[in-house]
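A.B. asks: Numbered per the numbering used here, the sequence shown spans residues 8 to 505.
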Amino acid sequence: MKTRQYDIEKQHAKGKLHAIERIELLVDKNSFNEVGSEITHSCTQFGMDKKPAPYDGVITGFGTINGRTVAIYSQDFTIIGGSLGRMHGEKIANIIQSAIEMGCPVIGINDSGGARIQEGVQALAGYGRIFYQNTKASGYVPQISIIAGPCAGGAVYSPGLTDFIFVIDEISNMFVTGPKVVKQALFEDVTAEQLGGAKMHAEKSGVAHYRAESEVDCYHKVRDLLSILPHCAADGPQPVDPHYIRKSQSRIGRILPDKPKAAYDIKSLIEVVVDRGSFTEIMEEYAPNMVTGFAKHSGVLVGIVANQPKVMGGVIDCNASDKTARFVRYCDSFNIPLVTFVDVPGFMPGLEQETKGIIRHGAKILYAYSEATVPKITIITRKAFGGAYIAMCSKHLGADQVFAWPSAQLAVMGAEGAVDVLYGREIRAADNPDAVREEKINEYNQEYLNPHLAAKAGYIDDIINPEDTRQRVFECLRMLSGKRSTEHVVKRHGNIPL
Ligand code: HXC
């Protein structure tokens, strides 16, 4: 590490750690090697020739996390507000380019006043180069953005192009336009926290994937994530350890409530099926009606997607669709098998969702699952209704193995809705409409809401006992470990509905 004076106190006075301290917390001890440490700007406008900017306000280099190489850039707010001039931008773009060549993840620590005003269009050119390299790196090496201060204007689009954005309580501010401009343009009074604080982005906008309570907590979380992720798509699928790790499954049969409509927590089911303590959720606070995250199964990294019956009955809305599609595509890019748990009543109906574009958003899930060529394993625990059944990695979208619990219900819709459509006239004409309706509902429940019809049609590979889920998922992972995509249709690329 280079020995030089940093203005650490100035940064601490703002309640933040210094760029170099952040790097030290992130990487293995003494592993950081800086690159481009002497680079600075050559701007002379606005008296910039008298404004020194060591390393042009951004520290770039390589370190290791758990012994594996990572590329890092860390903006130094004490130097011209961490603002991005041409050389600052070049340094970041170059480190991403090197990471692509080396096949290692990139971590960006953002703390900046945005485009360096004195450098004008040169600063904008710097951003342009970064966006270009972000896009080149996408799907090849993991890109992680930490928002450790302001991140404003077009500057937000570099993190926006990366895979995982970490925000920190009371430190992160991320918006396209700040409160002053909003007031000017729209006469709205909003605080920076409301416009771009950590909680807002974690809960509402869906921009952030992880929220940390402090900087130190954030760097630990980043290290944890990188310790499980593949570091390059070119590394190919992970080898599967052929040894199944036994784990008590006695609890799993008690998770599903007796009442078919009662809610339960899908996460407690996931925890039983995957390796102990290995499940780590992504976007926990956003669209909690869908759960996405990584876990290990007998040592193999898998991506988990699951409807959450505990929140809005597990219905799929626009936000859940976006969250799912993006996660599925991440897993597919990096050779991570997908395990999907299904208990879904359908896509969310209503004016609000239709006008928001549930058609366009829901289509993203269909597209992402259909496009994914990694091993795809689906477990239907209870409801699998309508289009949502198809969307949740059904056989029809290329699932390799679909299992159903005996409690699974595959149908176009639930009993009440179906009976009203099918027997509406008969019910209205009956002497006792309620009794007839009840009778028809029972009949529908008995005869149609089960997994057997779908199994006979080949849409379910096996009806399994809940206690066997872990073992069967493992057998699939082992069986599918050699799966390779054989589709070579000549086209430039598809057109995912965005
Ligand atoms: C040049 C900048 C700067 C910038 C901050 N500084 N932002 N210098 N260009 N964009 C300098 C300040 O002049 C100051 O210098 C020092 O950094 C610290 O800034 P302060 O304002 O004192 O800090 P603070 O009070 O903490 O406020 C932080 C801030 C504020 C909220 C980020 O600095 C600010 O509003 N900056 C401008 C934000 C902005 O509008 N950026 C452009 C966004 S548009 P001295 O010498 O006094 O210490 C954009 C387009 C990108 O980025 C397009 C990409 C496609």
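Each residue gets a CB set at the ideal place from its N, CA and C atoms; glycine is no exception. Remember, predicted model here, so these are calculated numbers, not experimental data.
Go to Arg11, then tell me how far its alpha helix (DSSP H) extends in each direction, as first and last residue.
C.D. replies: Along the sequence shown, one-based indexing puts residue 11 at 4. Arg11 -> no alpha helix (DSSP H), and no H or E assigned at all.
A.B. asks: Please indicate yes or no: does the CB of Ala155 lie closer than 7 Å to some heavy atom of ligand 1?
C.D. replies: What you label residue 155 is simply residue 148 of the sequence shown in a count that begins at 1. Not so, every heavy atom of ligand 1 lies at least 7 Å from the Cβ.
A.B. asks: Count the other CB atoms, across all protein chains shown, that sit within 10 Å of the CB of Asn326; report buried if there are 16 or more and exposed otherwise.
C.D. replies: Position 319 of the sequence shown, counting from 1, holds the residue named residue 326. By the neighbour-count rule (16 or more Cβ atoms within 10 Å), Asn326 is buried.
A.B. asks: Ile470 to Asn452, Cα distance in whole Å?
C.D. replies: Counted from its first residue, the sequence shown places residue 470 at position 463. Counted from its first residue, the sequence shown places residue 452 at position 445. Cα to Cα, the separation comes out at about 18 Å.
A.B. asks: So what's Ala215 in DSSP terms, helix, strand or just coil?
C.D. replies: Along the sequence shown, read from residue 1 onward, the residue named residue 215 stands at position 208. Residue state, collapsed to three classes: coil.
A.B. asks: Roughly how many angstroms lie between the CA atoms of Lys206 and Asp176, to the nearest whole one?
C.D. replies: Within the sequence shown, numbered from 1, the residue matching residue 206 stands at position 199. Within the sequence shown, numbered from 1, the residue matching residue 176 stands at position 169. Rounded to the nearest angstrom, the two C-alpha atoms are 7 Å apart.
A.B. asks: Work out the CA separation of Gln52 and Gln125 for me, nearest whole Å.
C.D. replies: Within the sequence shown, residue 125 is the residue found at index 118, counting from 1. Within the sequence shown, residue 52 is the residue found at index 45, counting from 1. If I take the Cα positions, the gap works out to 6 Å.
A.B. asks: Using a threshold of 7 Å, is the CB atom of Tyr134 nearer than that to any non-hydrogen atom of ligand 2?
C.D. replies: Among the ligands present in this structure, namely ligand 1, ligand 2 is not found.
A.B. asks: Starting from the N-terminal side, write out each stretch of the beta strand (DSSP E) that is 3 residues or longer and does not extend beyond the region 292-371.
C.D. replies: 297-304, 307-314, 345-351
A.B. asks: What residue from Val281, Pro237, His238 has the CA that sits closest to Ile252's CA?
C.D. replies: Locating residue 252 in the sequence shown gives position 245, counting from the first residue. Out of Val281, Pro237, His238, Val281 has the C-alpha closest to the C-alpha of Ile252.
A.B. asks: Which residues share a DSSP beta bridge with Asn180?
C.D. replies: The sequence position of residue 180 within the sequence shown is 173, counting from 1. Note: Asn180 sits in a beta bridge opposite Pro157.
A.B. asks: For Ala406, name the three-state secondary structure that DSSP assigns.
C.D. replies: As a working note, residue 406 is residue 399 in the sequence shown. Correct three-state label for Ala406: coil.
A.B. asks: Measure the CB-CB distance between Thr388 and Val349 and report whether it falls below 8 Å.
C.D. replies: What you label residue 388 is simply residue 381 of the sequence shown in a count that begins at 1. What you label residue 349 is simply residue 342 of the sequence shown in a count that begins at 1. Yes.
A.B. asks: What's the gap between the Cα of Val89 and the Cα of Gly74?
C.D. replies: Numbered from 1 along the sequence shown, position 82 holds the residue referred to as residue 89. Numbered from 1 along the sequence shown, position 67 holds the residue referred to as residue 74. According to the sequence provided, residue 89 is Gly. The question's Val does not apply to it. Looking at the two C-alpha atoms, the distance is approximately 29 Å.
A.B. asks: Below 8 Å between beta carbons: does that hold for Val307 and Asp224?
C.D. replies: Translated into the one-based positions of the sequence shown, residue 307 becomes position 300. Translated into the one-based positions of the sequence shown, residue 224 becomes position 217. Contact flag unset, no.
A.B. asks: Have a look at His95 and Ile86 and give me their C-alpha separation to the nearest angstrom.
C.D. replies: The sequence position of residue 95 within the sequence shown is 88, counting from 1. The sequence position of residue 86 within the sequence shown is 79, counting from 1. Roughly 11 Å between the two C-alpha positions.
A.B. asks: Helix or strand or just coil, what does DSSP make of Tyr251?
C.D. replies: Sequence index remark: in the sequence shown, residue 251 carries index 244 (1-based). Here Tyr251 sits in coil by DSSP.
A.B. asks: For ligand 1, is there a heavy atom less than 7 Å away from the beta-carbon of Lys57?
C.D. replies: Walking along the sequence shown from the start, residue 57 turns up at place 50. No, the beta carbon of Lys57 sits no closer than 7 Å to any heavy atom of ligand 1.
A.B. asks: Going straight from the alpha carbon of Gly405 to that of Phe392, what length do you get?
C.D. replies: Here the question's residue 405 lines up with position 398 in the sequence shown. Here the question's residue 392 lines up with position 385 in the sequence shown. Rounded to whole angstroms, Gly405 to Phe392 spans 18 Å at the Cα level.
A.B. asks: Would you call the region 263-276 and the region 305-319 touching, i.e. three or more CB-CB distances under 8 Å?
C.D. replies: yes
A.B. asks: Just mark Gly70 as buried or exposed, buried being the case when its beta carbon has 16 or more other beta carbons within 10 Å.
C.D. replies: Counting from one through the sequence shown, the residue named residue 70 turns up at place 63. With 16 or more Cβ atoms within 10 Å of its Cβ, Gly70 is classed as buried.
A.B. asks: Any heavy atom of ligand 1 closer than 7 Å to the CB of Arg93?
C.D. replies: The sequence position of residue 93 within the sequence shown is 86, counting from 1. Checking every heavy atom of ligand 1 against the Cβ of Arg93, none is found closer than 7 Å.
A.B. asks: Give the straight-line distance between the Cα atoms of Pro157 and Ser179, rounded to the nearest whole angstrom.
C.D. replies: For the purposes of this step, residue 157 is taken as the residue at position 150 of the sequence shown. For the purposes of this step, residue 179 is taken as the residue at position 172 of the sequence shown. Pro157 and Ser179 have their C-alpha atoms spaced approximately 6 Å apart.
A.B. asks: Sorry if obvious, but does the Cβ on Ala159 come closer than 7 Å to a heavy atom of ligand 1?
C.D. replies: Mapped onto the sequence shown, residue 159 falls at position 152. For ligand 1, at least one heavy atom lies less than 7 Å from the Cβ of Ala159.
A.B. asks: Output needed for Gly260: all residues of its chain with C-beta closer than 7 Å, excluding positions within five of it in sequence on either side, in chain order.
C.D. replies: In the sequence shown, counting from the first residue as 1, residue 260 sits at position 253. Cβ within range, chain order: Pro473, Glu474.
A.B. asks: Given 8 Å as the limit, is there contact between the region 235-249 and the region 139-151, that is, 3 or more CB pairs closer than that?
C.D. replies: yes
A.B. asks: Kindly indicate which residue of Ala106, His368, Ala379 has the alpha-carbon position closest to the one of Gln150.
C.D. replies: Numbered from 1 along the sequence shown, position 143 holds the residue referred to as residue 150. Gln150 has its Cα closest to that of Ala106, out of Ala106, His368, Ala379.
A.B. asks: Give the straight-line distance between the Cα atoms of Ile467 and Glu446, rounded to the nearest whole angstrom.
C.D. replies: The sequence position of residue 467 within the sequence shown is 460, counting from 1. The sequence position of residue 446 within the sequence shown is 439, counting from 1. Approximately 28 Å, taken between the alpha carbons.
A.B. asks: Pair every Cβ in the region 431-448 with every Cβ in the region 474-494, then say whether three or more of these pairs are closer than 8 Å.
C.D. replies: no
A.B. asks: Would you say the region 409-422 touches the region 362-381, given that touching needs at least three Cβ pairs under 8 Å?
C.D. replies: The region 409-422 and the region 362-381 do not touch, with fewer than 3 CB-CB distances between them shorter than 8 Å.
A.B. asks: Which same chain residues, not among the five before or five after Arg29, have their C-beta less than 6 Å away from its C-beta?
C.D. replies: Here residue 29 is taken as the residue at index 22 of the sequence shown, counted from 1. Ser81, Ile116.
A.B. asks: How should Glu97 be labelled, buried or exposed, when 16 other C-beta atoms within 10 angstroms of its C-beta is the threshold for buried?
C.D. replies: As a working mapping, residue 97 is identified with position 90 in the sequence shown. When all chains shown are included, Glu97 counts as buried.
A.B. asks: Does DSSP classify Lys36 as helix, strand or coil?
C.D. replies: Taking the sequence shown and counting its residues from 1, the one referred to as residue 36 is at position 29. If DSSP states are grouped into helix, strand and coil, Lys36 belongs with coil.
A.B. asks: Given that a residue counts as buried once 16 or more other Cβ atoms are within 10 Å of its Cβ, and exposed if not, what is Glu220?
C.D. replies: In the sequence shown, the residue the question calls residue 220 occupies position 213. So Glu220 counts as exposed.
A.B. asks: What are the residues that DSSP puts in a beta bridge with Ala78?
C.D. replies: Taking the first residue of the sequence shown as position 1, residue 78 is located at position 71. According to DSSP, which records beta bridges pairwise, Ala78 is partnered with Phe69, Val113.
A.B. asks: Which first and last residues belong to the beta strand (DSSP E) in which Ile387 is found?
C.D. replies: Translated into the one-based positions of the sequence shown, residue 387 becomes position 380. Looking at the DSSP string, the run of the beta strand (DSSP E) that includes Ile387 is 383-392.
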